[in-house]
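When the sequence shown is numbered by numbering that gives the first Met the number 0, its final residue is 328 and no position is left out of the sequence of numbers.
For every residue, glycine included, the Cβ atom is placed at its ideal position computed from N, Cα and C.
All figures in this text were calculated on a predicted structure; none of them were measured in a lab.
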Amino acid sequence: MHPTHPAPAARSGIVVLGIFAADLSFRAPRLPAIGETLIGEAFALGAGGKGSNQAVAAARAGGAVRFVTRIGADAFGDVALRTWREAGVDTRHVARVEGESTGAAFIYVSSLTGDNAIIVVPGAAGALGPADVAAAEPSLREAGLFVTQLEQPLAAVEAGLSAARRHGVPTLLNPAPAPAGGLPDALLALCDHLTPNETEAQALTGVEIRTPDDALRAAQALRARGAGTVVVTLGGQGAVLLDAAQAVLVPAQAGAPVVDTTGAGDAFNGAYAVALVEGRGALEAVRFANAAAGLSVTRHGTAAAMAARAEIDAALARAPAPVVLRGRG
Ligand code: RIB
């Protein structure tokens, strides 16, 4: 919206396309049944939306980030702008749309396990399309990485990935939430990095995923369909990385008690993006991202839970060793 931040150094900037959602987060021991009213334990209003969370995570991890989205001219839109200002995310490609609502999400967080269930309504960002990508192209063609997810229309995702490819900019697709109808091979072929969680990898491949070896089989299927480096995140089990050179399990980092897993995938993707533009290889990038995700689950909220660079670096020093898996991409 306003060019208040310095231009990122050539090819080191990260352009993120996605949505913002105001997260209305409810803690309770379980979800209510249909027709039931349940007294919960806590409520919080926070900043969310996968794209925005990833932008904030990347900025807090040290990245120079420009975010492409649409928000409404309402109170939740004000929360979005405040969140990005505090994190240092550049908003020149954020459109504020009169008469539209900013996105919002209902989030149930289990007070027993920290696991979550989400309903998200993209609001104004539900109209993101190729025109928004075209407007951001001056930033995109100078970027070091383009990052997106699947909470906005697929036409916007395709336009972003194609534009990045046209300009020789590496791409990262976090295919979240899981696409009901799968994804076309032509779109997978535009992804230099693909980072599904186990649910998304299963939805994309039909491979039932319980173990790292299952995740490896799904990753092999995705690479066979055209994706580049594939990282399947497995929550508490860690992440499986597959590229032409390696098949590796990077174990999750056990830290303080897990209180809220919401946004852990976004923490992972934001940090992974920063490591890539800093020139780290895929394995080092996954280790860095695991450390960031491991920190985020020890805190409540989503954008508010994203770790700062110094914390990630300190956690990385305690990271468990990767485990080589049998099989190649
Ligand atoms: O990945 C977590 C996010 O998903 C939440 O912040 C919620 O807004 C939904 O977009």
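Residue i CB to nearest heavy atom of ligand 1 below 7 Å
i: G48; result: yes
i: I33; result: no
i: E310; result: no
i: G71; result: no
i: D265; result: yes
i: N196; result: no
i: D22; result: yes
i: A104; result: yes
i: N268; result: no
i: G235; result: no
i: T261; result: yes
i: V119; result: yes
Buried/exposed call for residue i, threshold 16 Cβ in 10 Å
i: A313; result: exposed
i: F19; result: buried
i: R95; result: buried
i: D114; result: exposed
i: P70; result: Sequence check: residue 70 is Ile here, not Pro. By the 10 Å Cβ count, I70 comes out buried.
i: H166; result: exposed
i: L37; result: exposed
i: A266; result: buried
i: V55; result: buried
i: T232; result: buried
i: F145; result: buried
i: A304; result: buried
i: V15; result: buried
i: R325; result: exposed
i: T112; result: exposed
i: A133; result: exposed
i: R84; result: exposed
i: L30; result: exposed
i: G330; result: In the structure displayed, the chain extends from 0 to 328; residue 330 sits before or after that span and is not available.
i: L153; result: exposed
Candidates the options: closest to residue i by CA position
i: D259; options: S109, L221 and A86; result: S109
i: Q219; options: E99, V229 and A124; result: V229
i: L172; options: Y271, F25, A320 and R286; result: Y271
i: V323; options: L275, A263, V285 and V239; result: V239
i: G48; options: R10, D89 and F66; result: F66
i: T198; options: Q53, G128 and G234; result: G234
i: A155; options: V168, A130, R140 and P178; result: A130
i: A307; options: V78, S11, A86 and A41; result: A86
i: R286; options: A104, A309, T297 and V247; result: V247
i: D22; options: G262, A135, A316 and L275; result: G262
i: E141; options: P169, V119 and E157; result: P169
For residue j and residue i, believed in contact at Cβ under 8 Å, the rounded distance
i: A27; j: G45; result: That belief does not hold up - the Cβ atoms of A27 and G45 are roughly 17 Å apart, past 8 Å.
i: G122; j: S138; result: Their Cβ separation, rounded to whole angstroms, is 23 Å, which puts G122 and S138 out of contact at 8 Å.
i: D191; j: G227; result: 4 Å
i: L149; j: A126; result: At roughly 16 Å, the Cβ-Cβ gap does not stay under 8 Å, so L149 and A126 are not in contact.
i: G225; j: A255; result: Rounded, the Cβ-Cβ distance is 40 Å, inconsistent with contact.
i: A292; j: A318; result: Actually they do not touch by this definition, with Cβ atoms about 12 Å apart.
Test: residue i CB closer than 8 Å to a CB of chain C
i: A306; result: This model lacks chain C altogether; it includes just one protein chain.
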